[in-house]
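Numbering (our numbering), first residue to last: -2 to 110.
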């Protein structure tokens, strides 16, 4: 029996976009990053911070990297949904960059009087 037949005969467990998004949200908590999950139409969104929303279709994570192409369009970062740990680390890094650019407003930080 060939190795191809052994591998091809197994199908990975079906994971929905919402399940992938929830896994990412939980993993982001390890970095102290709070996020919300929203789902619909076969996609799920993980809302992290201003200008940082991660999309997933259950196979890939996508988010804006903060760079722009030579034509002025945003460049997106990608990661496979099977590697939630690495995606969370990369998203948390981007979150740190955006927190410097867009600090928490005083009324959300509890500094309002």
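Glycine included, C-beta positions come from ideal geometry on N, C-alpha and C. Note that the structure is a prediction, hence the values are computed from the model and not measured.
Straight-line CA distance for residue 22 to residue 72?
-> 22 Å
Return the chain-ordered list of same chain residues with a C-beta closer than 6 Å to the C-beta of residue 50, the five sequence neighbours on each side being excluded.
-> 42 and 44
With a CB to CB cut of under 8 Å and the five nearest residues on each side skipped, what residues in its chain are close to residue 40?
-> 14, 52, 53 and 54
Just tell me which of 37, 36, 95 and 101 has its CA closest to the CA of residue 48.
-> 95
On a CA-only basis, which of 101, 102, 89 and 98 is nearest residue 26? Give me that one, please.
-> 89
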